[in-house]
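Visitor: Using this note's numbering, the first residue of the sequence shown is number 8, and each one after it goes up by one.
Pasting a structure below so you can have a look.
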Amino acid sequence: MWDFTIRGVDIYHILNWFFIYSFLGWVWETGYVSVKHGKFVNRGFVSGPFCTIYGFGALSVYLILKPVSDNLFLLYVGGVIVATALEYVTAVLMESIFHTSWWDYSDQKYNFQGRICLGVSLGWGVFTVALFRIIHPVVESIVALYPVIVGKIAVTAIGIYWMVDFCFSAAAASKLHARIPVWEKTLEEMQNEIVMKIREKMGIAEMVRELSLDSLKERLEDLEFLKEIDKRRSSVTEEFSAEIQRRKEAMASRLGRNAHRFVKSYPHLNRGYRIRKERHLKNRKDKKN
């Protein structure tokens, strides 16, 4: 088995590279998101320190683009195309299998269906060049450091652990799919209550209530007053999102550690459900018309 080759590379090296890239991807993804949110966020589908999509993506890009690795332009363009295609296909498959969305670029410019976007795709091109010029030589040197027998034992043990972890994670993701519609309905019912509590906390209602109609008209022409209103409105929006996320996590924790981790790490899991709901409502409206 170990001597079987794919595009001139034996399975031994492919599996070693796969787990190293998956680990490096986890370090990058978890580090980036944790810094962005100011707290530790364990990214990746499995609970262990692996981002499988990075391992699979890095290997696919390397094996597919190896023939053009000497041409910097083709390498960059190929990286943009291949990595973007992999990202899109992975998003579609994950949504089809688990009926949940694991990333969402809807708020980014030049995105397509929220699954891919231009900025990230251009970044994949840079990553591909770095992969061939810097990262992969280092990964190859790491694999060369230990004896083959040690590598085989390590890959076998890690592979078994990864498969068990993947099965538990997949089961948790399936449970989430069944619960998301119930959560969405519950959260919708809570929204008015949450908004009112936050508004009272922020004092927006009091600011407006204490003014007469004439005074309010005058204050609305006051730039500082408008800035204060906007500032408090932004605070309400942020607090509302945070409260919704806290309640999601609380509901998810009842389904186990993996489900709670998914909701905490991937706030857009319900995107697929909302899209299907919007389509359903649109179809009903079209039929009535």
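Ideal placement from N, C-alpha and C gives every residue a C-beta, glycine not left out.
Just so it is clear, the structure is predicted and the values come from calculations on it, not from any experiment.
Between the segment 122 to 132 and the segment 90 to 107, do at least 3 Cβ pairs fall closer than 8 angstroms?
Guide: Yes: the two stretches touch, three or more of their Cβ pairs being nearer than 8 angstroms.
Visitor: At which residues does the alpha helix (DSSP H) containing I142 begin and terminate?
Guide: As a first step, residue 142 must be located in the sequence shown, where it is residue number 135. No alpha helix (DSSP H) holds I142; DSSP gives it neither H nor E.
Visitor: Measuring straight from C-alpha to C-alpha, what distance separates T12 and R253?
Guide: Here residue 12 refers to the residue found at position 5 of the sequence shown. Here residue 253 refers to the residue found at position 246 of the sequence shown. If I take the Cα positions, the gap works out to 48 angstroms.
Visitor: How about F105 and S181: do their beta carbons lie closer than 9 angstroms?
Guide: Indexing the sequence shown from 1 puts residue 105 at position 98. Indexing the sequence shown from 1 puts residue 181 at position 174. The answer is yes: Cβ separation under 9 angstroms.
Visitor: If we call anything under 9 angstroms between Cβ atoms a contact, is V162 one with F26?
Guide: In the sequence shown, residue 162 corresponds to position 155, counting from 1. In the sequence shown, residue 26 corresponds to position 19, counting from 1. Yes, Cβ-Cβ distance for V162 and F26 is below 9 angstroms.
Visitor: Could you have a look at N49 and say whether DSSP puts it in helix, strand or coil?
Guide: Looking up residue 49 in the sequence shown gives position 42. N49 falls in the coil class under three-state DSSP.
Visitor: So, do the segment 98 to 117 and the segment 150 to 161 have three or more beta carbon pairs nearer to each other than 8 angstroms?
Guide: No, because fewer than three Cβ pairs between the segment 98 to 117 and the segment 150 to 161 fall closer than 8 angstroms, the two stretches do not touch.
Visitor: If you measure between the beta carbons of T135 and A90, is that distance less than 9 angstroms?
Guide: Against the sequence shown, residue 135 aligns to sequence position 128. Against the sequence shown, residue 90 aligns to sequence position 83. In this structure, A90 lies closer than 9 angstroms to T135 by Cβ.
Visitor: Tell me the rounded alpha-carbon separation between L70 and V145.
Guide: Counting from one through the sequence shown, the residue named residue 70 turns up at place 63. Counting from one through the sequence shown, the residue named residue 145 turns up at place 138. Cα-Cα distance, rounded: 17 angstroms.
Visitor: How many angstroms separate the CA atom of F63 from the CA atom of S29?
Guide: Residue numbering aside, residue 63 sits at position 56 when the sequence shown is read from its first letter. Residue numbering aside, residue 29 sits at position 22 when the sequence shown is read from its first letter. Those two C-alpha atoms are separated by around 8 angstroms.
Visitor: Does the beta-carbon of I7 have 16 or more other beta-carbons within 10 angstroms, so that it is buried, or is it exposed?
Guide: Any property of residue 7 remains undetermined from this structure, which presents the chain solely from 8 to 296.
Visitor: Take the Cβ of C124 as the centre, count every other Cβ of all protein chains shown within 10 Å, and call the residue buried at 16 or more, exposed below.
Guide: Along the sequence shown, one-based indexing puts residue 124 at 117. Flag for C124 reads buried.
Visitor: How about F57 and G32: are their beta carbons less than 9 angstroms apart?
Guide: On the sequence shown, position 50 is the one that residue 57 refers to. On the sequence shown, position 25 is the one that residue 32 refers to. It is a contact, given that the beta carbons lie within the stated cut-off.
Visitor: Express the C-alpha separation of W110 and Y273 in angstroms, rounding to a whole number.
Guide: Taking the sequence shown and counting its residues from 1, the one referred to as residue 273 is at position 266. Taking the sequence shown and counting its residues from 1, the one referred to as residue 110 is at position 103. Distance between the alpha carbons of Y273 and W110 is about 7 angstroms.
Visitor: Assign T107 to one of three DSSP states: helix, strand, or coil.
Guide: As a first step, residue 107 must be located in the sequence shown, where it is residue number 100. Coil, per DSSP.
Visitor: Report the three-state DSSP secondary structure of C124 (helix, strand or coil).
Guide: Within the sequence shown, residue 124 is the residue found at index 117, counting from 1. Note: C124 maps to strand in three-state DSSP.
Visitor: Between the C-alpha atoms of L22 and L183, what's the straight-line distance to the nearest angstrom?
Guide: Residue numbering aside, residue 22 sits at position 15 when the sequence shown is read from its first letter. Residue numbering aside, residue 183 sits at position 176 when the sequence shown is read from its first letter. Taking the straight line joining both Cα atoms gives about 30 angstroms.
Visitor: What separation, rounded to the nearest whole angstrom, lies between the Cα atoms of I141 and V34?
Guide: Against the sequence shown, residue 141 aligns to sequence position 134. Against the sequence shown, residue 34 aligns to sequence position 27. Whole-angstrom Cα-Cα distance: 17 angstroms.
Visitor: Excluding the 5 residues flanking G15 on each side, which residues of the same chain have their C-beta closer than 6 angstroms to its C-beta?
Guide: Position 8 of the sequence shown holds residue 15. Result list for G15: empty, nothing under 6 angstroms.
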